[in-house]
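Note sheet for the following structure.
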Amino acid sequence: MSNATEVWPTGLTEGQALEIHRNLIQGTQMFGVIAALAHLLAYIYSPWLH
Amino acid sequence: MIYGRLWLVVKPTVGIPLLLGAVAVGSFAVHTALLTNTSWVKKFLNGSAASAVVQTQSTVASVAPPTLQV
Chain A
316 MSNATEVWPT GLTEGQALEI HRNLIQGTQM FGVIAALAHL LAYIYSPWLH
Chain B
254 MIYGRLWLVV KPTVGIPLLL GAVAVGSFAV HTALLTNTSW VKKFLNGSAA
304 SAVVQTQSTV ASVAPPTLQV
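Heads up: the sequence lines are chains A and B, in that order. Residue numbers for the first sequence follow the working numbering, so the first one is 316 and each next one is one higher. Residue numbers for the second sequence follow the working numbering, so the first one is 254 and each next one is one higher.
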């Protein structure tokens with residue numbers, strides 16, 4: 316971790332950047348689970364791959 | 254990992270909408286490709302997907318290779 320007082324182009328501290336990223340990754344994982352469920356339903360209820 | 258440090262150089266108010274927009278465009282493209290390259294999506298949207306499934310299976314059966322008569 317670089318020192319917390321360093322100023323970056325976006326003006327965020329490293330802690331803030333990592334916090335945003337953690338939430339973005341969690342949201343992406345939720346999107347992934349929903350997409351996997353949608354593909355499962357499409358596989359079951361549609362002629363896709365049959 | 255280092256990826257979280259992206260937001261030190263890319264403004265989240267720019268990066269996140271860009272990311273979500275790219276996912277939306279990609280998803281729209283896949284759905285459009287499915288709609289234009291398959292028949293069953295159109296049938297589903299017209300409310301006759303069940304017959305589309307049956308019909309796809311029957312066409313597969315009718316196209317089966319002829320068995321060798323010995």
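In this text, a Cβ means the ideal position worked out from N, Cα and C, and glycines have one as well.
According to the neighbour-count rule (16 or more other Cβ atoms, all chains shown, within 10 Å of its Cβ), is residue i buried or exposed?
i               : result
V276 of chain B : exposed
T289 of chain B : exposed
K264 of chain B : exposed
Please compile the residues from chain B whose C-beta is within a distance smaller than 8 Å of the C-beta of residue i.
i               : result
A353 of chain A : Near A353 of chain A there are no residues of chain B at all, since even the closest Cβ is about 10 Å away, more than 8 Å.
Do you know offhand how far residue i's Cα is from residue j's?
i               : j               : result
H284 of chain B : T320 of chain A : 47 Å
R337 of chain A : P270 of chain B : 16 Å
L364 of chain A : A286 of chain B : 16 Å
L298 of chain B : Y360 of chain A : 13 Å
For a test of your reading of the model: does the CB of residue i fall under 7 Å from any non-hydrogen atom of the ligand SAH? Yes or no.
i               : result
S280 of chain B : This structure lacks the ligand SAH; in fact it carries no ligand of any kind.
Please list, in chain order, the chain B residues whose beta carbon lies closer than 7 Å to that of residue i.
i               : result
P335 of chain A : Checking the sequence shown, residue 335 of chain A turns out to be Ile, not Pro. Near I335 of chain A (Cβ distances below 7 Å), the residues of chain B are W260, P265.
L356 of chain A : By Cβ distance, chain B contributes nothing, its closest Cβ being about 12 Å from L356 of chain A, past 7 Å.
Kindly list, in the order they appear in chain A, the residues whose Cβ is closer than 9 Å to that of residue i.
i               : result
F281 of chain B : Residues of chain A passing the Cβ test: none, with the nearest at roughly 14 Å.
I255 of chain B : Simply none; closest approach about 10 Å.
Candidates the options: which alpha carbon is nearest residue i's?
i               : options                        : result
T328 of chain A : B:A282, B:L261, B:V267, B:S301 : B:L261
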